[in-house]
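Protein chains in written order, with the numbering used here: chain A, -19 to 272; chain B, -19 to 272. Note that beta-carbon positions come from the ideal geometry of N, C-alpha and C, so glycine has one too.
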């Protein structure tokens, strides 16, 4: 299917989140996804069975290579690094070492398990990436959807920082949830079901505490290079989440984040498009990872 | 030109604000804009030459008719009610009495002149609309762009409320600026020029005071029915403004605002489309005005 036809189908569906449909739409393109360098699979970075990560070794890079850690999405309750191999191959092909972790999921594991796992992946990466040809002083943390929520919490809240300080080159957030309280209080307007199968699985049933679990309400990190993006056809909740985070970071916390809208894509298609020749999200991420 | 061709041209141009292009694109459609009832023009509601309003009498309404006050946009420095006659005719045709005011502009008139003028229009409307067949107990304040900024300030900040209380049926905000400080501090990322020809003309040169002039930072009104919208192809600054306002109103001020994205339109085309048979913005506004 041509990119043009693909975009027509995505536009026709509107701002939906339909994982099987998105996967089916991109399956033909991703079957032929070009591979990068070798992959070192299922390295343990913690005691849980979800504490596993894959390392995509960079092709043709002048070593040490810049490093991106990429967290998959899945509404806090599902998702797997294997479904984002195309993201790993994309960065590898462009001389970037990519670390793709799994992380613990709700409802078994609740907030702040995701942020803790990002911190654990960062610690592993800092310690081990040089042995794989990566630069431990050039690590960008990136995530999509729930993965972006976890990266945001782990970087913007000091309680999750390493003792020696965050020391990342930057963070990239695509279409995440940064304000759990907003999704709780605006369920009707945002079309979120009650009970909420995603946020409640991760943030739990104690609604009175949602503000303390809302990253945007608790930011206390010193500024670092940050990029926020969402899709033109993202549900409005993801757009509002990005807008609020951007505005608060700029006006209250001294950040100078980038913000961008990925044209012609929806919440899921934007990520599936990585390594299919569509550079609308991939190209921006790559430029940021190289030069945050 | 068909709506389909029109949408293709709008999409091809991307998230631009190009007043002459938007006006030219819609000129053929608006030349034939269907008229509603009679128009009472240039009623004075204050001492300035810009303190003039037009009343579009409602067609076929069971009196008293619901009332919408609609403030045009123009970046705080330009715009005229005459260019929004199609908005007046649209509401009139659908049995709504429409009040279209001019208001004072920068740089001659600075913040909070716009909010003061909204308050003055509201006072005039409350006192005089019954004589024109409108219901003074069913007034919706609406605005686009700078007009939305003024409506937001006049309704969300108690200092601009009438002594007897706000007592509006609701407010509708399309693609406004609600956080002047954000536009000041994120000029680089938002592609805003320095000096900023719009915000500086209205908010002035005293940047240290921008937070006190940022509606989102000063909200103290009791909740009332409110709807926030922006265009799918609005510049990201307008999207972030809407997202932050929505999030703050929900999580900090007890509001339950609607939020919606107008598909297939940019900042200007969405408003020009009103009364051309395109109901994507018009239809939502009409439904809200009737039943806030």
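### Query
In chain A, what lies closer than 8 Å to residue 231 (chain B) by C-beta?
Start at 1 with the first residue of the second chain, and residue 231 (chain B) comes out as number 251. Correct list: 159, 161, 162, 165, 191, 194, 197.
### Query
By DSSP, does residue 65 (chain B) sit in helix, in strand, or in coil?
By 1-based counting over the second chain, the position of residue 65 (chain B) is 85. Reduced to three states, the DSSP call for residue 65 (chain B) is helix.
### Task
Return the bridge partner residues of residue 23 (chain A) from the DSSP annotation.
Counting from one through the first chain, the residue named residue 23 (chain A) turns up at place 43. Bridge partners of residue 23 (chain A): A:33.
### Query
What does residue 45 (chain A) touch in chain B if you count any residue whose Cβ is under 9 Å from its own?
If you number the first chain from 1, residue 45 (chain A) lands on position 65. Those within 9 Å of residue 45 (chain A) in chain B number zero; the least Cβ separation is about 28 Å.
### Cβ neighbours of residue 200 (chain A) in the same chain (closer than 7 Å, five flanking residues each side left out)
For the purposes of this step, residue 200 (chain A) is identified with residue 220 of the first chain, where counting begins at 1. Counting only Cβ-Cβ distances below 7 Å, and skipping sequence neighbours, we find 137, 138.
### Query
So, is residue 237 (chain B) buried or exposed, given that buried needs 16 or more other C-beta atoms within 10 angstroms?
Along the second chain, read from residue 1 onward, the residue named residue 237 (chain B) stands at position 257. That one is buried.
#### Entry: Terminal residues of the alpha helix (DSSP H) in which residue 122 (chain B) lies
Numbered from 1 along the second chain, position 142 holds the residue referred to as residue 122 (chain B). Element bounds for residue 122 (chain B): not the alpha helix (DSSP H) but the beta strand (DSSP E), 114 to 124.
### Message
So residue 226 (chain B) contacts chain A; which residues on that side make the cut at Cβ distance below 9 Å?
### Response
Numbered from its first residue, the second chain carries residue 226 (chain B) at position 246. Residues of chain A passing the Cβ test: 162, 166, 169, 216, 220, 223, 224.
### Task
Excluding the 5 residues preceding and the 5 following residue 76 (chain B) in the sequence, name in chain order all residues of the same chain whose CB lies nearer than 8 Å to its CB.
For the purposes of this step, residue 76 (chain B) is taken as residue 96 along the second chain, with counting starting at 1. Cβ neighbours of residue 76 (chain B) beyond the five flanking positions: 38, 41, 45, 46, 47, 48, 266, 269, 270.
### Amino acids of chain B, ordered along the chain, whose beta-carbon sits closer than 9 Å to that of residue 155 (chain A)
Here residue 155 (chain A) refers to the residue found at position 175 when the first chain is read from its first residue. Those within 9 Å of residue 155 (chain A) in chain B number zero; the least Cβ separation is about 13 Å.
### Query
Can a CB atom of chain A be found closer than 8 Å to the CB of residue 238 (chain B)?
For the purposes of this step, residue 238 (chain B) is taken as the residue at position 258 of the second chain. Chain A, which has a Cβ nearer than 8 Å to the Cβ of residue 238 (chain B), makes this yes.
### Query
At least one CB of chain A closer than 8 Å to the CB of residue 292 (chain B): is that the case?
There is simply no residue 292 (chain B) to check, as chain B begins at -19 and stops at 272 in what is shown.
### Message
For residue 152 (chain A), list the residues DSSP reports as bridge partners.
### Response
Residue mapping note: residue 152 (chain A) aligns to position 172 of the first chain, counting from 1. In DSSP, residue 152 (chain A) forms a bridge with A:122, A:207.
### Query
Under 8 Å Cβ-Cβ, which residues of chain B neighbour residue 241 (chain A)?
Against the first chain, residue 241 (chain A) aligns to sequence position 261. Within chain B, the residues near residue 241 (chain A) are -5, 216, 219.
### Query
So what does DSSP say about residue 42 (chain B), is it helix, strand or coil?
Along the second chain, read from residue 1 onward, the residue named residue 42 (chain B) stands at position 62. Residue 42 (chain B): coil per DSSP, three-state reduction.
#### Entry: Residues of its chain near residue 233 (chain B), where Cβ-Cβ distance is below 6 Å and the 5 sequence neighbours each way are ignored
Indexing the second chain from 1 puts residue 233 (chain B) at position 253. Correct list, in chain order: 199.
### Task
Please report the residue range of the beta strand (DSSP E) in which residue 85 (chain B) lies.
By 1-based counting over the second chain, the position of residue 85 (chain B) is 105. Element bounds for residue 85 (chain B): n/a, residue is neither H nor E.
### Message
Classify residue 221 (chain A): buried if its beta carbon has 16 or more other beta carbons within 10 angstroms, exposed otherwise.
### Response
Taking the first chain and counting its residues from 1, one reaches residue 221 (chain A) at position 241. Its Cβ being crowded by 16 or more others within 10 Å, residue 221 (chain A) is buried.
### Message
So for residue 130 (chain B), helix, strand or coil by DSSP?
### Response
Taking the first residue of the second chain as 1, we reach residue 130 (chain B) at position 150. Here residue 130 (chain B) sits in helix by DSSP.
### Query
When the distance is taken between beta carbons, is residue 122 (chain A) closer than 8 Å to residue 50 (chain A)?
Position 70 of the first chain, counted from the first residue, corresponds to residue 50 (chain A). Position 142 of the first chain, counted from the first residue, corresponds to residue 122 (chain A). Closer than 8 Å, so yes.
### Query
What span of residues does the beta strand (DSSP E) with residue 239 (chain B) cover, start to end?
Taking the first residue of the second chain as position 1, residue 239 (chain B) is located at position 259. Per DSSP, residue 239 (chain B) belongs to the beta strand (DSSP E) from 238 to 246.
### Task
Can you grab the Cα-Cα spacing for the pair residue 159 (chain B) / residue 16 (chain B), in whole Å?
Looking up residue 159 (chain B) in the second chain gives position 179. Looking up residue 16 (chain B) in the second chain gives position 36. Answer to the nearest angstrom: the Cα atoms are 36 Å apart.
#### Entry: residue 131 (chain A) to residue 125 (chain A) span [Cα, whole Å]
Residue mapping note: residue 131 (chain A) aligns to position 151 of the first chain, counting from 1. Residue mapping note: residue 125 (chain A) aligns to position 145 of the first chain, counting from 1. Cα-Cα distance, rounded: 10 Å.
### Message
Going by beta-carbon coordinates alone, are residue 56 (chain B) and residue 191 (chain B) separated by less than 8 Å?
### Response
In the second chain, the residue the question calls residue 56 (chain B) occupies position 76. In the second chain, the residue the question calls residue 191 (chain B) occupies position 211. Contact: no.
### Query
Can residue 209 (chain B) and residue 242 (chain B) be called in contact, C-beta distance under 8 Å?
Translated into positions along the second chain, residue 209 (chain B) becomes position 229. Translated into positions along the second chain, residue 242 (chain B) becomes position 262. Yes, these two residues count as a Cβ contact at 8 Å.
### alpha helix (DSSP H) runs contained entirely in the stretch 152 to 205 of chain B, provided each spans 4 or more residues
160 to 165, 167 to 170, 179 to 183, 195 to 198
### Task
With residue -16 (chain A) as the anchor, note down where its alpha helix (DSSP H) starts and where it stops.
Translated into the one-based positions of the first chain, residue -16 (chain A) becomes position 4. From DSSP, the alpha helix (DSSP H) with residue -16 (chain A) extends over -17 to -7.
### Task
Please determine, among A:69, A:29, A:101, the residue with the shortest C-alpha to C-alpha distance to residue 81 (chain A).
Taking the first residue of the first chain as position 1, residue 81 (chain A) is located at position 101. Considering only alpha carbons, the answer is A:101.
### Query
By how many angstroms is the C-alpha of residue 205 (chain B) removed from the C-alpha of residue 67 (chain A)?
To locate residue 67 (chain A), count along the first chain from 1; it is residue 87. To locate residue 205 (chain B), count along the second chain from 1; it is residue 225. Answer to the nearest angstrom: the Cα atoms are 44 Å apart.
### Task
Leaving out five residues on either side along the sequence, give the residues of the same chain with a beta carbon under 6 Å from the beta carbon of residue 99 (chain A).
For the purposes of this step, residue 99 (chain A) is taken as residue 119 along the first chain, with counting starting at 1. If we look at residue 99 (chain A) and ignore the five residues flanking it on each side, its Cβ neighbours are 134, 140.
### Task
Taking only the alpha-carbon atoms, compute the straight-line gap between residue 29 (chain B) and residue 79 (chain B) and give it to the nearest angstrom.
In the second chain, the residue the question calls residue 29 (chain B) occupies position 49. In the second chain, the residue the question calls residue 79 (chain B) occupies position 99. Taking the straight line from one Cα to the other gives about 17 Å.
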